[in-house]
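There are 2 protein chains.
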Amino acid sequence: MNTGVPQRKSTQRDVIYQELMKMTSHPTAIELYEVVRKVLPKVSLGTVYRNLDQLVSNGTIVKMSNGTSVRYDADMSKHIHIRCIICDTVADVHEISGDPIDTSYSELSGFKVISCNVEFFGICPSCLAKSMDKDLSD
Amino acid sequence: MNTGVPQRKSTQRDVIYQELMKMTSHPTAIELYEVVRKVLPKVSLGTVYRNLDQLVSNGTIVKMSNGTSVRYDADMSKHIHIRCIICDTVADVHEISGDPIDTSYSELSGFKVISCNVEFFGICPSCLAKSMDKDLSD
DNA sequence: TCAATAATAATAACGATTACTATTATAATC
DNA sequence: GATTATAATAGTAATCGTTATTATTATTGA
Ligand SMILES: [Mn+2]
Ligand SMILES: [Mn+2]
Ligand SMILES: [Zn+2]
Ligand SMILES: [Zn+2]
């Protein structure tokens with residue numbers, strides 16, 4: 001078993017993290033699994049899930065969800081996300097001047113704050129174009 | 139079937155929305171289902187899911203997710219959320235002065251913006267107290 | 001009243017995630 | 001280097017939130 005606390009070296013975890021770092025697509029566990037398999041063909045999906053959870057727990061990566069899919073991001077630089085409600089693409093918005101939100105808000109409720117996710121929802125340029133095409137053919 | 143667009147009157151949808159409005163707990167679909175059953179004992183879980191989706195689609199309510207549970211909120215006033223990573227409680231933070239985030243950030247990526255969710259993650263006062271107790275008994 | 005069809009209840013199916021278990025890999029001790 | 005303890009893994013089964021299906025019911029408009 002593994003409850004996330006003790007941690008010894010693991011080739012699988014290293015590859016999972018390295019491959020995630022290379023990606024800018026905010027992959028799901030399964031999408032990342034397909035990538036990791038190319039390096040470690042015998043890796044199991046459970047190992048990907050377990051290690052992603054660990055990496056999230058110790059603050060090495062972040063995960064986000066819209067209720068449909070859970071996506072992971074190894075980019076810990078300050079940025080927010082926007083997700084297309086049509087195709088589920090997640091794009092980064094790095095051009096943040098100053099703190100996007102005031103962390104002190106959260107302290108009002110007596111919580112010990114660990115992390116924060118700011119996520120916009122909308123329609124991506126590609127899906128916008130497609131819906132234009134559709135409108136024209138009416 | 140129902141793809142969310144046409145909409146005629148429905149007792150079930152009214153009760154689902156009314157009961158959600160009474161709650162401040164940000165219930166899951168199943169939690170809300172248990173409440174709605176007390177009013178409409180024959181309601182089906184699928185109806186709750188279908189109508190919640192509809193209400194989200196037309197902007198009447200919002201949903202949020204941390205990857206584990208999807209929760210719904212009928213409170214559309216400007217506020218953000220903080221969720222306990224231990225017990226999954228979601229609390230409101232209403233004391234927002236001005237916009238918590240600058241919506242213009244998202245426009246940089248060419249998306250048509252529809253909504254935004256700001257969610258903090260942390261440990262709630264109750265779970266903090268419990269972890270204190272635990273530490274003492276070590 | 002009557003047709004058209006949106007919405008529902010009941011149930012089956014699906015799929016992402018988790019749990020389980022025997023085996024393997026790691027790190028510490030001797 | 002051998003021994004030991006146990007974290008981590010691969011493979012698989014089980015779980016469970018959500019969707020899909022379908023026959024039936026309710027709503028709306030003519
Ligand atoms: Mn990102
Ligand atoms: Mn709220
Ligand atoms: Zn899109
Ligand atoms: Zn808590």
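In the order they appear, the protein sequences are chains A and B.
Counted from 1, the first sequence has number 95 at position 95 by the working numbering; the numbering is strictly sequential.
Counted from 1, the second sequence has number 157 at position 19 by the working numbering; the numbering is strictly sequential.
C-beta atoms are modelled at their ideal positions from N, C-alpha and C, and glycine is treated no differently.
This structure is a prediction, so every number in the text was calculated from the model and none was measured.
Closest Cα partner of D75 (chain A) within the set A:I86, A:T60 and A:N66: A:T60
CA-to-CA distance, S44 (chain A) to A29 (chain A), given in whole angstroms: 11 Å
field: Three or more C-beta pairs below 8 Å linking the segment 143-155 of chain B and the segment 119-133 of chain A
entry: no
task: Say whether chain A places a C-beta atom closer than 8 Å to the C-beta of A229 (chain B).
output: yes
message: Suppose you measure from the CA of I252 (chain B) to the CA of L128 (chain A); what does that come to, to the nearest Å?
response: 13 Å
query: In its own chain, which residues sit with a C-beta less than 7 Å from the C-beta of Y171 (chain B), not counting the 5 before and 5 after it?
result: Contacts found: L183 and V186.
query: Going along chain B in order, which residues have a C-beta closer than 9 Å to the C-beta of S77 (chain A)?
result: By Cβ distance, chain B contributes nothing, its closest Cβ being about 15 Å from S77 (chain A), past 9 Å.
- request: Report the rounded CA-to-CA distance for P263 (chain B) versus F111 (chain A), giving the unit in angstroms.
  value: 6 Å
- prompt: Three-state secondary structure (DSSP) at K160 (chain B)?
  reply: helix
task: Could you check the C-alpha separation between S247 (chain B) and K176 (chain B) for me, to the nearest Å?
output: Our two residues, S247 (chain B) and K176 (chain B), have alpha carbons roughly 46 Å apart in a direct line.
- prompt: What number of angstroms, rounded off, separates the C-alpha of S189 (chain B) from the C-alpha of H219 (chain B)?
  reply: What sits at residue 189 (chain B) in the sequence shown is Asn, not Ser. So the alpha carbons of these two residues sit roughly 23 Å apart.
Closer than 5 Å: residues whose CB approaches a heavy atom of ligand 2: B:D211, B:D213 and B:D230
query: Among all the DSSP beta bridges, which residues are the ones paired with M260 (chain B)?
result: Position check: residue 260 (chain B) holds Gly in this sequence, whereas Met was assumed. Beta-bridge pairing links G260 (chain B) to A:V113 and B:C222.
message: Can you look up M132 (chain A) in the DSSP assignment and give me helix, strand or coil?
response: Helix.
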